[in-house]
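Here our numbering runs 894 ahead of the position in the sequence shown, where the first position is 1.
C-beta: ideal position from N, C-alpha, C; glycine also.
All values derive from a computational prediction rather than experimental measurement.
Worksheet: the structure to be examined is printed underneath.
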Amino acid sequence: MLKCRAVWRKLAPLARSASTQCRHNVKTALNNGRRQAFVPATHMSTGPAGGGGSENTLYVVLVGAACLGGGAYAYMTVRGDSKRYEERISELASRSAKEAPESQPPVAPEPEEAAPTSEESAPVAELSGETESASAEEPVTEVPAEPAAPVVEEEPVAEVPPEAVEEAPPVVEEAPPEPQAEVLEALPAVVESAAEEPVTEAPPAAEPETVQEAPTEPAVTSLPESAPAPEPVSAPLTLPSHAPYLLIGGGTASFAAARSIRARDPGAKVLIVTDEPNLPYMRPPLSKELWFSDDPSVTETLRFKQWNGKERSIYFQPSSFYVKPEELTSAENGGVAVLTGKKVIQMDVRGNKVKLDDDTEISYDKCLIGTGGVPRNLQVIEKAGDEVMNRTTLFRKIEDFKSLDNVSRNVKSITIIGGGFLGSELACALGRRSSETGLEVIQMFPEKGNMGKVLPEYLSNWTTEKVKKEGVRIVPEALVKSVAFKEDKLEILLKDGRQVKTDHIVAAVGLEPNVDLAKSAGLEVDSDFGGYRVNAELQARSNIWVAGDAACFYDIRLGRRRVEHHDHAVVSGRLAGENMTGANKPYWHQSMFWSDLGPDVGYEAIGIVDSSLPTVGVFAKATSKDTPKAATEQSGTGIRSESETEATAVTPVASSTPAPVMEHKDEYGKGVIFYLRDKVVVGIILWNVFNRMPIARKIIKDGEEHADLNEVAKLFNIHED
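As structure tokens, this is what we get:
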């Protein structure tokens, strides 16, 4: 482009002079031609006739050809320059649109290093004397920045005034760092193109001054605006996508299984998933010892004193015992991790994976379902409305204990509906508090006495009197018809017309096994007992086991059963853990359960204890040693679970002291109650008799008929002080 312009500068004066001379010669030739018609030409022997006319004609032809050629060349040059200019502009626009984000502001082109603003480019055009070049270069200042040597060459450096060069550095400093970096990177090409320009007349110090300042600009090392430096972001919690042993549920059964798995496979990696926010803990103290604590912060510490005075926590292990879930996969020696606050909502038994409530999927090799149960509620309460539901507690978890403890300190009356283990324990616990705070505690149940479905009638009635002495008002044979909220009180209407007013209700009417995964997993639910139906090895599928309250298992001695007690969760969880590591053991270790009605009355039971079965009771006079408090002081533990000590009974040796059979007597200090089915003992309750459970377990395991249960009672030595 520049060379064409230089040639045009040289040809333009010649073309203008040639045009003037051409017009003059044409007029002369025409005049000479007319004269030739009337004036005879002189002929010379040495040249052509016509007095020089032929030379003028030849000159006219040559000059005309030169004019036509020059005009054609100028037209083609201008047209070609315009076409190349448009193509270049299109290329720059498309390239900048691809490389720069839409939000990036337009940047001045490279020539602005020497002439920063479009206003200053006008004098440059005037100095060059080329109005066409100036008008063609003006749009370049509106194009986004992109290094382009041809555009730089169109702005002759030689014609830049010194004032513009001196004002350039401040403009470079005010520009954004990112465009400066691109401009400074393009400066070497600008310098080289300026050095090659033959018409360069600019002072040599103008551009080196800018180049020397460029390395000092921090913008050279800055990141482009289109790629900003990333801000530090904390890494999200990475959950393991696979767990060799996956335990669903964070209760006693899962913890017992985890401990059993690790005992048989020390390097095992076990993941427990629970929807509770707490680590695995034992539930019995929630309705027993915690209520008798003198520590005002017991709801926060969840530590309690056992009957023997020793203090312990309801948690099985502290948090330091467990591996963090995100570190389980990389744990060199394996471990047990607990993922809290997450619920398994779907189970794919074919794909060996589960789906959590946050859509996370975790695969497994072997899986245990220990989901436990959900407290039942009365339909009349559920239909009574929000005011009644908000004043009703379904007791099961730590949060329920904290809530009920707070309620008991702020209301005047609490009514417990239910006469089973949980209802009777809470009634006695709150009854003792009533003597200190004046709280009215009412217990109602459909049976004639406390634990009427478990204890024989005479013992149930005797137990009811014991509960009354704890400060509890008993309402027996009570069937709830309706519940309503009136005048800031809950009105409970019974079917026989009786009415009870209270401030708060505790519904302790049983447990519903949690079988939410049965549908997605395709697992069978027992229609009679509820819960997942499993075999004697607690298997529901080849690689799926169920333990605890949710398991309806086959007892090889007592048949199909489902048990809702702490010790069963320990026993079944431990057995499932062993079988998950290849033990293949059937359910044979009979679990036991216990209940305390305060520190003075307690019992332990094993097998099937149902008051509808025939029973035989053998009792003796109790001493100060025959209480739950004394038993824990002697054994050193507050959780009277035989599975914890794993004591094994040898062949019982009967006492020589005769054991009279006592039925329907007024005093039942301590004794043994046998439950019979087809003359075979299938259940035993040890009433205020402790540390004899291995003997009861062996009697049930043998499964023999006994002609005289007096002789069998001698095995427990209840008559020895």
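Using a Cβ-Cβ cutoff of less than 6 Å, which residues in the same chain neighbour residue i once the five nearest sequence positions on both sides are dropped?
| i | result |
| --- | --- |
| Ser-1328 | Val-1335, Gly-1365 |
| Glu-1381 | none |
| Ser-1181 | Leu-1316, Glu-1319, Leu-1320 |
Can you check which of these residues, the options, is closest to residue i by C-alpha distance?
| i | options | result |
| --- | --- | --- |
| Ala-1601 | Pro-1350, Ala-1514, Val-1510 | Val-1510 |
| Phe-1513 | Val-1583, Asn-1478, Ala-1412 | Val-1583 |
| Pro-1269 | Gly-1471, Phe-1447, Asp-1443 | Asp-1443 |
| Lys-1277 | Leu-1165, Lys-1375, Lys-1237 | Lys-1375 |
| Phe-1610 | Arg-1591, Glu-1359, Glu-985 | Arg-1591 |
| Arg-1427 | Pro-1370, Val-1457, Ala-1137 | Val-1457 |
| Thr-1265 | Gly-1496, Glu-1359, Thr-1168 | Thr-1168 |
| Arg-1244 | Ser-1414, Lys-977, Ala-1231, Lys-1515 | Ser-1414 |
| Arg-1586 | Arg-1153, Phe-1487, Glu-1418, Lys-1515 | Phe-1487 |
| Arg-1177 | Thr-1223, Arg-1435, His-1460, Lys-1199 | His-1460 |
| Ser-1318 | Pro-1212, Val-1377, Lys-1347, Arg-1153 | Lys-1347 |
| Asp-1572 | Leu-1603, Leu-1507, Gly-1563, Asn-1284 | Leu-1507 |
| Gly-1467 | Leu-1432, Thr-1195, Ser-1214 | Leu-1432 |
| Ala-1435 | Lys-1383, Thr-1358, Asn-1246 | The question names Ala, but residue 1435 in the sequence shown is Arg. With distances taken between Cα atoms, Arg-1435 lies closest to Asn-1246. |
| Gly-1404 | Lys-1249, Gly-1424, Glu-1498, Asp-1410 | Gly-1424 |
Is residue i buried or exposed, if buried means 16 or more other CB atoms sit within 10 Å of its CB?
| i | result |
| --- | --- |
| Phe-932 | Its pLDDT being 43, under 50, Phe-932 is placed unreliably in this model, and the value from its coordinates should be taken loosely. Looking at its Cβ environment, which holds fewer than 16 other Cβ atoms inside 10 Å, Phe-932 is exposed. |
| Asn-1227 | exposed |
| Val-1606 | buried |
| Lys-1608 | buried |
| Ala-959 | exposed |
| Arg-973 | exposed |
| Gly-1565 | buried |
| Tyr-969 | exposed |
| Val-955 | exposed |
| Ala-1150 | buried |
| Pro-1350 | buried |
| Thr-1517 | exposed |
| Leu-1320 | buried |
| Glu-985 | exposed |
| Ala-1157 | exposed |
| Lys-1395 | exposed |
| Gln-1074 | For Gln-1074, the predicted structure reports a pLDDT of 43, less than 50, and the residue's modelled location is therefore unreliable. The matter cannot be settled from this model. |
| Gly-1145 | buried |
| Pro-1171 | exposed |
| Arg-1455 | buried |
| Leu-1140 | buried |
| Glu-980 | exposed |
| Phe-1215 | exposed |
| Ala-1470 | buried |
With a threshold of 8 Å on Cβ separation, who are the neighbours of residue i within its own chain once the five nearest residues in sequence on each side are excluded?
| i | result |
| --- | --- |
| Thr-1254 | Leu-1133, Lys-1236 |
| Ile-1594 | Arg-1451, Leu-1452, Gln-1484, Ile-1500, Gly-1501, Val-1575, Val-1576, Gly-1577, Ile-1578 |
| Ala-1430 | Phe-1447, Tyr-1448, Asp-1449, Ile-1450, Pro-1480, Tyr-1481 |
| Leu-1233 | Leu-1133, Leu-1165, Ile-1166, Val-1167, Thr-1168, Pro-1219 |
| Arg-1303 | Thr-1331 |
| Ser-1505 | Gly-1346, Lys-1347, Val-1348, Leu-1349, Pro-1350, Glu-1351, Ser-1354 |
| Ser-1213 | Leu-1173 |
| Leu-1384 | Val-1282, Arg-1285, Thr-1309, Val-1377, Ala-1378, Lys-1395, Thr-1396, Asp-1397, His-1398, Ile-1399 |
Below 7 Å, is the gap between the Cβ of residue i and the nearest heavy atom of the ligand MN?
| i | result |
| --- | --- |
| Trp-1581 | Although the ligand MN was asked about, the structure shown includes no ligands whatsoever. |
Per DSSP, which one or two residues make a beta bridge with residue i?
| i | result |
| --- | --- |
| Ala-1231 | Leu-1165, Val-1217 |
| Cys-1446 | Arg-1427 |
| Thr-1509 | Tyr-1569 |
| Trp-1581 | Tyr-1497, Gly-1565 |
| Trp-1488 | Glu-1498 |
| His-1136 | Ser-1257 |
| Leu-1141 | Ile-1166, Leu-1262 |
| Glu-1334 | Ser-1307 |
| Trp-1439 | Leu-1262, Gln-1433 |
| Ala-1514 | Lys-1564 |
| Glu-1205 | Lys-1199 |
| Tyr-1175 | Tyr-1209 |
By Cβ distance, which residues of its chain are closer than 7 Å to residue i, with the 5 residues on each side in sequence left out?
| i | result |
| --- | --- |
| Asn-1408 | Thr-1265, Gly-1266, Gly-1267, Val-1268, Ala-1444 |
| Lys-1362 | Ile-1368 |
| Gly-1597 | Arg-1451, Val-1574 |
| Ala-1543 | No answer about Ala-1543 holds up, because its pLDDT of 41 lies below 50 and its placement is not dependable. |
| Thr-1115 | In this predicted model, Thr-1115 has a pLDDT of only 38, less than 50, meaning its place in the structure is not dependable enough to derive any value. |
| Tyr-1562 | Leu-1353, Trp-1356, Phe-1513, Trp-1581 |
| Thr-1223 | Pro-1134 |
Ignoring anything shorter than 4 residues or poking outside the region 1240-1318, list the alpha helix (DSSP H) runs there in chain order. 1273-1276, 1280-1283, 1292-1302, all fully within the region 1240-1318.
Unbroken stretches of the alpha helix (DSSP H), 4 residues or longer, contained in the region 1360-1419: Counting only runs of at least 4 residues, the region 1360-1419 fully encloses the following alpha helix (DSSP H) elements, listed from N- to C-terminal order: 1412-1415.
Fully enclosed by the region 1451-1483, which alpha helix (DSSP H) runs are 4 residues long or longer? With a minimum length of 4 residues, the continuous alpha helix (DSSP H) runs that stay inside the region 1451-1483 are 1460-1474.
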